[in-house]
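Student: Sequential numbering from 39 applies to the sequence shown in the numbering used here.
The C-beta atom is built at its ideal place from N, Cα and C for all residues, glycine as well.
Questions regarding the structure given below will be posed in turn.
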Amino acid sequence: MPSAEAADAKKRAALVTGGAVRVGRAIALALADLGMDVAIGYHGSSSDARRTVRAIEARGVRAVALRVDLRNPAAAQRVVTAAAAALGRLDVLVNSAAVFRRTPFPTVTAGTWDEFLAVNLRGAFFCSQAAARVMARRGGHIVNIGDAAIARPMPHFIPYAISKAGLASLTSNLAAALRPNIAVNAVAPGPVLRPKGYPTARWSRLTRNRNVTLADVTAAVTFLATCPKSITGQTLSVEG
Numbered sequence: 039m040p041s042a043e044a045a046d047a048k049k050r051a052a053l054v055t056g057g058a059v060r061v062g063r064a065i066a067l068a069l070a071d072l073g074m075d076v077a078i079g080y081h082g083s084s085s086d087a088r089r090t091v092r093a094i095e096a097r098g099v100r101a102v103a104l105r106v107d108l109r110n111p112a113a114a115q116r117v118v119t120a121a122a123a124a125l126g127r128l129d130v131l132v133n134s135a136a137v138f139r140r141t142p143f144p145t146v147t148a149g150t151w152d153e154f155l156a157v158n159l160r161g162a163f164f165c166s167q168a169a170a171r172v173m174a175r176r177g178g179h180i181v182n183i184g185d186a187a188i189a190r191p192m193p194h195f196i197p198y199a200i201s202k203a204g205l206a207s208l209t210s211n212l213a214a215a216l217r218p219n220i221a222v223n224a225v226a227p228g229p230v231l232r233p234k235g236y237p238t239a240r241w242s243r244l245t246r247n248r249n250v251t252l253a254d255v256t257a258a259v260t261f262l263a264t265c266p267k268s269i270t271g272q273t274l275s276v277e278g
């Protein structure tokens, strides 16, 4: 039997940070397919954001694109309140925005370190803080997008790996802080989409022919965005 939240999806609204492109876009469209109104947060992908809004609206729900620099904690909080104002409510926050690129250990600078932690971890924290205030009356769901790869060493991606490990800790701690009214969970995908410029041969070695699709990831996210609130503090690995 579906949860009350799942049955009520058509009356709900979601914000997906990083929702203009790639995995974030797929998540935004999947939530729209459930009947949710969807706001997407984006930074530099304005044309992609407009295309994603049109794709969401084509599903018969409302959509809005909101530009945000998650490196700024105040901006991270404002995008949440702006999404709630534009859609009339906010029931689901998906922290999907992330910086990801190869950063060999000798090349990491203080600026590099700060960028990864600010976008991937601190931004998620302050978005969640604002969402908790907005969701205080009705309750809601927060879903963080982690990475299954952090279970293994990532010597050429250390700032990224540490930011995603911090997101796993944030998930369990927020779940404890916000229960029972707000469920906080995470999805940790394996390799799904080859990053732009990533060598094909290296990508094949990384994926080891595991068949993880965008549909697999979005199925996990939509479940955690509509599950009973007694399911909280969990990280669901999707890596085949």
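#1: Please classify His179 as buried or exposed, where buried requires at least 16 other C-beta atoms within 10 Å of its C-beta.
#2: Using a 10 Å radius around the Cβ and a threshold of 16 neighbouring Cβ atoms, would you call Arg146 buried or exposed?
#3: Between which two residues does the alpha helix (DSSP H) containing Asp71 stretch?
#4: In terms of residues, what are the limits of the alpha helix (DSSP H) holding Asp75?
#5: Which runs of the beta strand (DSSP E) at least 3 residues long sit entirely within the stretch 208-277? Give them in chain order.
#6: Tell me the rounded alpha-carbon separation between Asp71 and Leu131.
#7: What does the alpha-carbon distance come out to for the pair Ala169 and Thr119?
#8: The alpha helix (DSSP H) spanning Gly149 covers which residue range?
#9: Between which two residues does the beta strand (DSSP E) carrying Ala162 extend?
#10: Reducing DSSP to helix, strand and coil, say where Arg105 ends up.
#11: Checking 8 Å against the spacing of the C-beta atoms, do Val172 and Glu153 come in under that value?
#12: Who are the near neighbours of Asn219 in its chain, counting only those whose CB is closer than 6 Å to its CB and skipping five residues on each side?
#13: Ala258 and Val276 - do their beta-carbons sit closer together than 8 Å?
#14: According to DSSP, simplified to helix, strand and coil, what is Asn133?
Tutor: This is what the structure holds:
#1: Under this definition His179 is a buried residue.
#2: Per the sequence shown, the amino acid found at residue 146 is Val instead of Arg. Classification for Val146: exposed.
#3: Run containing Asp71: Arg60 to Asp71, per the alpha helix (DSSP H) assignment.
#4: According to the DSSP assignment, Asp75 belongs to no alpha helix (DSSP H) but to the beta strand (DSSP E) extending over Asp75 to Tyr80.
#5: Fully enclosed beta strand (DSSP E) runs of 3 or longer: 220-227 and 273-276.
#6: Each residue's Cα considered, the two are about 16 Å apart.
#7: Near 8 Å, if we compare the C-alpha coordinates of Thr119 and Ala169.
#8: Annotation: the continuous alpha helix (DSSP H) that includes Gly149 extends over Ala148 to Leu155.
#9: No beta strand (DSSP E) holds Ala162; the alpha helix (DSSP H) holding it covers Gly161 to Val172.
#10: In the three-state reduction of the DSSP assignment, Arg105 falls in the strand class, which pools E and B.
#11: Going by C-beta atoms, Val172 is not nearer than 8 Å to Glu153.
#12: Only Gly177 meet the Cβ criterion.
#13: A contact, by the Cβ cut-off of 8 Å.
#14: Judged by DSSP in its simplified three-state form, Asn133 adopts strand.
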